[in-house]
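Worksheet for the structure shown next.
Chains as they are written, first to last, in the numbering used here: chain A, 79 to 316; chain B, 79 to 316; chain C, 79 to 316.
This is the structure we're talking about:
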């Protein structure tokens, strides 16, 4: 398979290192990118259009076809937008504990009220959000040991907030003739489960889709990259 | 244990081949049948009474006692009806991602509206329903590779629709003194999880029951027959 | 890690034997106690204050610090109360399929109506409740074989009822600066899942917490003590 992996908030393409190694050893082709606004290229005012365009440009520049396009977390919204411009290049869309946005809504519109307040109070004057380590460790890395959690945290960077508040024009996404999979790691603890679920909360918006369930949390690329790699193969294969 | 295995819609007794091998190797006794209306004996007008009678006849003809009677999917409704006539022959009822019908309702009355519409439009003039492979592959065989999904699909046949619309007289089922187990494969993707669940949606109607949870989807007899066999032993044992 | 393990209803400290062996072999320190009112010291009128005090006294008498305080089932309410007096001695609170009580409520106030009736009718004149083996076997030991279920049942004793009906003063629990984990065994079958969930039903009341999900049921100390031990380590570590 030919994977293009789109990271989530606070991450850049370095998060995929171990997953890439696993998938390549299994004979697959892997492409990654750092989204504009993430990693070293901090730019709080980056837009969703710019963000999604970077994915489209990668696929066009490398002349990729039959792509299994994977979005993680915030990356779900990005691959939805990119898919609208790339449908003919795609074999399948895969969402790993990722947002699936309804037409006209924003990423932040789905964040539970109890967390949105905390996010607001943590926002920097420059329009970015840095996760406190205590939250990252117990909510995103709940299935990892402390050393792994620290190493993953060292690879994060401030997340631009403005784009996640944009209402997204996803007209036509529901009708795109691209098969979809939702890879659901059911030990995810990002948001309170009584208020928010990746599956079925987010997944149900895909219409028909293949469900793949695996143990583990929100950052399997760090806590168990082989399990994530195996899950991506099950989610992405014909 | 002495198992009688009752298949679901679109299937016939060939679906149990690998599960039977596993259970027999473990020292258990296994009986299967093809329900009237399924397999080569297509008969769109077959009734639920005829269907359940076939299970009762098998058990009486072979003089089976202490039976662990297993129903898969649609087969749940069949074992409910059969149990009303067979209670003294049964050691335990086991439902594997199976319907548990309330008195006076039909199988189809539980199908989510979003899927019922698709089922209606796919119905043949002869009163049967053939699942499209794309649906079977991503919704029923979501945990299998393509080759396994194709091999399983080759063993399916059109499902008679009329019996699933019948209101069932299940008077006395709740009070039957037969222990019950629900074997729940939690990666099941047949119906949208936001609208329908096998557990707790269906299972809760059993009253007191033993819950057994395992990974995997709706067709473990094909995607992982050993895991299903182990689950049946845990569900069926004393 | 330094664990203090608080058992649930019907149990005493003997339930932890195999978990203790596992944890000690892994290099951890383990302390257990039999709560007043349980085990041989039957006392139907025992109060929650007396019960929680026993935990506090153990920790003070042995001069324990940096304690990972674990509560199972009913023991969740006990560790909540104990934590109010012990916060400075605690490294983390761990709840394993355990009650998390809201201020002013009782343990019994959370028991689903369908089960509360059965509990009431099973109560002895002396104010205790003995679980029937059939319920224990299929609802609490659903993931164990019969021999294991019988051996576990032989270690149970009548549970005093009065304390579980007490409204608890948990003022300040939400604000305690002690990290919390919820260890959720998702095959638990104690109460009907359509009416009651440990996670997210109980867990959500912890505020911020680390979620750890594992297969298995309500009595992993008997059905799979190593799995429980590993889960406790994941839940309790820094």
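We put the beta carbon where it would ideally sit given N, CA and C, even for glycine. Computed from a predicted model, the values in this text were never measured in an experiment.
When rounded, the separation of the alpha-carbon atoms in residue 165 of chain A and residue 256 of chain A is 7 Å. Taking a 10 Å sphere around the C-beta of residue 275 of chain A, we find 16 or more other C-beta atoms and assign the residue as buried. Residue 273 of chain B and residue 190 of chain B do touch by the CB rule: their CB atoms are close to 4 Å apart, below 8 Å. Ranked by how close their Cα comes to the Cα of residue 154 of chain B, the residues B:238, B:284, B:315 and B:144 have B:284 in first place. Your pair residue 84 of chain B and residue 157 of chain B checks out as a contact, with CB atoms roughly 5 Å apart and the cut at 8 Å. The shortest CA-to-CA distance from residue 289 of chain A to any of B:237, B:266 and B:236 is the one to B:266. Taking 4 residues as the shortest admissible run, the region 182-257 of chain C contains the following complete alpha helix (DSSP H) segments, listed from N- to C-terminal end: 191-200 and 224-231.
Assignment of residue 168 of chain A by DSSP, reduced to helix, strand and coil, places it in the strand class. Against chain C, the CB of residue 158 of chain B has no partner CB under 8 Å away; the residue lies outside that interface. Annotation note: the region 110-144 of chain A contains no uninterrupted beta strand (DSSP E) run of length 3 or greater.
Taking residue 309 of chain A as the centre and dropping the five residues before and after it, the same chain places the C-beta of 261, 290 and 292 closer than 7 Å to its C-beta, in chain order. Here residue 137 of chain B has 82, 145, 164 and 167 as same chain residues with Cβ atoms under 7 Å from its own Cβ, once five neighbours each way along the sequence are excluded. For residue 224 of chain C, the chain B residues whose Cβ falls inside 7 Å of its Cβ are 315 and 316, in order along the chain. Beta-bridge partners of residue 156 of chain A (DSSP): none assigned. At a cut-off of 8 Å, the C-beta of residue 306 of chain A has no neighbouring C-beta in chain B.
For the region 206-218 of chain B, the beta-carbon criterion of a distance under 9 Å to any beta-carbon of chain A is satisfied by 212, 213, 215, 216 and 217. One finds nothing in chain C with a Cβ atom closer than 7 Å to the Cβ of residue 186 of chain B; even the nearest lies about 22 Å away.
Residue 241 of chain C sits close to residue 126 of chain C, with the two beta carbons spaced by under 8 Å. Residue 176 of chain C and residue 108 of chain A have their alpha carbons spaced roughly 43 Å apart.
Where residue 310 of chain C is concerned, the enclosing alpha helix (DSSP H) starts and stops at 303-314. The beta-carbon of residue 265 of chain C is placed less than 8 Å from the nearest beta-carbon of chain B. Beta-bridge analysis with DSSP links residue 150 of chain C to C:174. Shown here, residue 180 of chain B sits in coil according to DSSP, grouped into three states, outside any helix or strand. It is roughly 58 Å from the alpha-carbon of residue 227 of chain A to the alpha-carbon of residue 134 of chain B. DSSP lists B:80 as the bridge partner or partners of residue 107 of chain B. Within chain B, 270, 271 and 272 have C-beta atoms less than 8 Å from the C-beta of residue 278 of chain A, given in sequence order. The beta-carbon of residue 282 of chain B is placed less than 8 Å from the nearest beta-carbon of chain C. Per DSSP, reduced to three states, the secondary structure at residue 99 of chain B is helical. Taking a Cβ-Cβ cut-off of 7 Å, residue 257 of chain B has no neighbours in chain A, whose nearest Cβ is about 28 Å from it.
DSSP links residue 259 of chain B through a beta bridge to B:172 and B:288. Cβ contact annotation for residue 87 of chain C (same chain, cutoff 7 Å, sequence separation greater than five): 151, 152 and 237, in chain order. The criterion of a C-beta distance shorter than 8 Å is satisfied by residue 299 of chain B and residue 93 of chain B.
About 11 Å separates the beta carbons of residue 251 of chain C and residue 160 of chain C, which is beyond the 8 Å limit, so they are not a contact pair. Chain-order list of chain A residues neighbouring residue 220 of chain B: 288, 289 and 290, by C-beta distance under 7 Å. Nearest to residue 147 of chain C by C-alpha distance, out of C:128, C:207 and C:111, is C:111.
At least one beta carbon of chain B lies nearer than 8 Å to the beta carbon of residue 293 of chain C.
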